[in-house]
Amino acid sequence: MIKQLRNSRWWLVALAAGWIVIVLTSLIGPSASAQPRAYTPKPPFEFVPVDQSLAPDIGLPPGSTPIFTETFGAGFSPVPSLDGSVPLWRVVVDPADTAGYYWGRVASGAYINTGWTAVTPIGGQPVLNPGVSAYPAGQRSWLLYGPLDLHTFAQVRLVFRYSLDAAAGDRLLWGATYDGNQVFGTWVEGQSGGWVTGTLQLDPNGFRNNLTYLAFGFEGAEDLAGLGAFIDDVKLIAQPLSTNYFPLVMGNYPPTPTPTPTATPIPALFSSTFNPGNNDLAVWGGRFDGVGSGSGGTYGYGQCLPGDCRHVTNPHGNPANSLRLYNTAYWVMVASSPNYITPADYELQVDVSPVVLYPRDKSCGESCPPDNLGNWYGIILNASSNTFGATPGQFNYNGQYYRFFFYNIDAVLPIGMALDRCNGGSCTRLGTSSVPSGLLNGLNLWDRVRIRRVGTTIQVYVNDVLILNRTDGTYLSGGKFGVFTFPSDGNATQYPPTGYEQQVDFDNIRVYNP
53 MIKQLRNSRW
63 WLVALAAGWI
73 VIVLTSLIGP
83 SASAQPRAYT
93 PKPPFEFVPV
103 DQSLAPDIGL
113 PPGSTPIFTE
123 TFGAGFSPVP
133 SLDGSVPLWR
143 VVVDPADTAG
153 YYWGRVASGA
163 YINTGWTAVT
173 PIGGQPVLNP
183 GVSAYPAGQR
193 SWLLYGPLDL
203 HTFAQVRLVF
213 RYSLDAAAGD
223 RLLWGATYDG
233 NQVFGTWVEG
243 QSGGWVTGTL
253 QLDPNGFRNN
263 LTYLAFGFEG
273 AEDLAGLGAF
283 IDDVKLIAQP
293 LSTNYFPLVM
303 GNYPPTPTPT
313 PTATPIPALF
323 SSTFNPGNND
333 LAVWGGRFDG
343 VGSGSGGTYG
353 YGQCLPGDCR
363 HVTNPHGNPA
373 NSLRLYNTAY
383 WVMVASSPNY
393 ITPADYELQV
403 DVSPVVLYPR
413 DKSCGESCPP
423 DNLGNWYGII
433 LNASSNTFGA
443 TPGQFNYNGQ
453 YYRFFFYNID
463 AVLPIGMALD
473 RCNGGSCTRL
483 GTSSVPSGLL
493 NGLNLWDRVR
503 IRRVGTTIQV
513 YVNDVLILNR
523 TDGTYLSGGK
533 FGVFTFPSDG
543 NATQYPPTGY
553 EQQVDFDNIR
563 VYNP
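Residue numbering for the sequence shown is 53 to 566, as defined by our numbering.
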């Protein structure tokens, strides 16, 4: 409500100008003008995984700016105290910690100018060498930054890089606390396969009403299990709340139409377009020559080399380049991954275009294996850290993962789809579906697959049609993802399989918060 001005002279000036300033409390909420609540964090902290389906990552529109950065240079000096009102890096351990180390800066070696979980001994513990020494068992160590007053911002996002080399079940956690007891965030475990970007959209209701502490934690139970968790390039990006100016409506002036707002695109957590000028093909494997051969043929990544494939096709993408997997062998699964790790809940989108497919060879008759489904191609998700190695050629068929795929059996184009859960070379079929008429676009054309994983629910959409909706809680934590092709037998038109091949393109591979 606008209060009347007691001074009539100022009131006349305001009328003449025709403008008054109105703070939009209906948009920014009462918490934007109130001072945020202060508190002192106190371990042990309760880690609460963020459900992004309830708090979606809606992105930060133009005008957002970094308000805090940390590159772990020589000036990084955290204090072993949670007291005080000055924003500082702070280190603490939970009461359950038995390792006796604080987070700190790596001052030399391969991981110089990064943060590591066990730099500073507490008491008489031996000094460790980051990047060489294994992380100690029994760690429950935290690195916090705060308190931060963020109540004047509309949206805030944490972005950083991490490298994790740990045992399965040992976790790197990141989040924010708004009360000093609960840390709301996400986590990864095991192996990251190199440096990976981590993100978190902070809760506006939390940071507008309370002071905020950023929090990085490491829970390591195993001994001599790896190099541990490193973080770098921490950045907090925020969009300020706005003060808006409205003309004072006088007389019968017609109201100004409210413009239709332009939707802000949702940014992807990971995105691979394989377009000219980026390194996506190198990250995924792209052309990877000399992968090997098996069952009478060669297989690899990227465009077929001369002599590799009878059907050499020009590269095509959606719209530019793409990742192509090809296989002139059979009973050999070819897969590629960027070695990125998804959050626990996510949506994975992949554009898929079959280029060369053949129906299966049926000469085996009654002895044909039950999985003799012709040409398969599809997507791997929630894969364990050892499913994909450092190079595209290091795919472990016996790893732990889910796979969604198309198969054709005796047709050229796919006639079915399936979702499997695999471990140790054995797979359990969670669901199948026929291909509805008109669903797929055909050879050399693009279809979009969306796989949404929230809690124990796995939903698969093809060209925006829900195909499978299954509940399976076997692999709940985030994992690696990738794409694959697999010819389960020779083909019906060329047997023995001289020149047999399978070629499939993948493009616009993106991971979003659900």
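Don't be surprised by glycine CBs; every beta carbon is placed ideally from N, CA and C.
query: Limits of the alpha helix (DSSP H) - the one that residue 412 falls within; result: Note, residue 412: premise wrong, no alpha helix (DSSP H); not H, not E.
query: Assigned exposure category for residue 369 - 16 Cβ within 10 Å defines buried; result: buried
query: Residue 256, DSSP secondary structure in three states; result: helix
query: Alpha-carbon spacing of residue 424 relative to residue 326, whole angstroms; result: 32 Å
query: Beta strand (DSSP E) runs contained entirely in the region 147 to 218, provided each spans 3 or more residues; result: 153 to 157, 167 to 173, 191 to 200 and 205 to 217
query: CB-CB length for residue 217 against residue 273, believed under 8 Å; result: Their Cβ separation, rounded to whole angstroms, is 15 Å, which puts residue 217 and residue 273 out of contact at 8 Å.
query: Beta strand (DSSP E) runs contained entirely in the region 485 to 563, provided each spans 3 or more residues; result: 499 to 506, 509 to 514, 517 to 523 and 532 to 539
query: At least three beta-carbon pairs within less than 8 Å, the region 372 to 390 to the region 551 to 563; result: yes
query: DSSP-derived helix/strand/coil call for residue 247; result: coil
query: Within 8 Å, strictly: CB atoms of residue 382 and residue 539; result: yes
query: Integer-rounded CB distance, given that residue 449 should sit under 8 Å from residue 471; result: Residue 471 to residue 449, Cβ: 17 Å. No contact.
query: Cβ-Cβ separation, residue 235 to residue 404 (assumed contact under 8 Å), whole Å; result: Contact doesn't hold; Cβ gap of about 38 Å is too wide.
query: Span of the beta strand (DSSP E) around residue 334; result: Counting along the chain, residue 334 falls outside any beta strand (DSSP E), though it belongs to the alpha helix (DSSP H) covering 332 to 336.
query: When 277, 466 and 284 are compared against residue 185, the one with the closest alpha-carbon; result: 277
query: Buried versus exposed, by CB contacts within 10 Å (16 or more), residue 191; result: buried
query: Nearest candidate by alpha-carbon position, reference residue 117, set 248, 490, 280 and 206; result: 206
query: Straight-line Cα distance separating residue 510 from residue 523; result: 6 Å
query: Classification of residue 535 by the beta-carbon crowding that lies within 10 angstroms, buried from 16 upward; result: buried
query: Distance between beta carbons of residue 322 and residue 391, contact taken as under 8 Å; result: Residue 391 to residue 322, Cβ: 11 Å. No contact.
query: Unbroken beta strand (DSSP E) run spanning residue 128, endpoints; result: Here residue 128 belongs to no beta strand (DSSP E), and DSSP marks it neither H nor E.
query: 6 Å CB neighbourhood of residue 282 in its chain, flanking five on each side removed; result: 163, 166, 168 and 215
query: Residue 385 versus residue 409 - alpha carbon distance; result: 15 Å
query: With 16 other Cβ atoms within 10 Å as the buried cut-off, status of residue 109; result: Low local confidence applies: a pLDDT of 39 at residue 109 is under 50, so the model's placement there is unreliable, with the coordinate-based value given in what follows. Counting Cβ neighbours within 10 Å, residue 109 comes out buried, since at least 16 surround it.
query: heavy atom of the ligand COA below 7 Å from residue 137 C-beta; result: This structure lacks the ligand COA, and indeed carries no ligand of any kind.
query: Beta-ladder partner(s) of residue 324, from DSSP; result: 561
query: Nearest-angstrom Cβ-Cβ length linking residue 263 and residue 201, presumed shorter than 8 Å; result: 6 Å
query: Minimum C-alpha distance to residue 504 - residue among 565, 478 and 161; result: 565
query: Contact under 8 Å by Cβ, residue 270 with residue 230; result: no
query: Inter-residue CB distance, residue 466 and residue 497 (contact presumed, cutoff 8 Å); result: That belief does not hold up - the Cβ atoms of residue 466 and residue 497 are roughly 13 Å apart, past 8 Å.
query: Nearest-angstrom Cβ-Cβ length linking residue 254 and residue 213, presumed shorter than 8 Å; result: Incorrect: roughly 18 Å between the Cβ atoms, too far for contact.
query: As assigned by DSSP and simplified to three states, the class of residue 224; result: strand
query: DSSP-derived helix/strand/coil call for residue 261; result: helix
query: Contact check, residue 154 vs residue 138, beta carbons under 8 Å; result: no
query: Expected contact under 8 Å - CB spacing of residue 563 and residue 398 to nearest Å; result: 5 Å
query: Inter-residue spacing [alpha-carbon to alpha-carbon] between residue 568 and residue 561; result: Lying before the first or after the last residue shown, residue 568 is absent from the chain, which here runs from 53 to 566.
query: Counterpart residues of residue 99 in DSSP-defined beta bridges; result: 235
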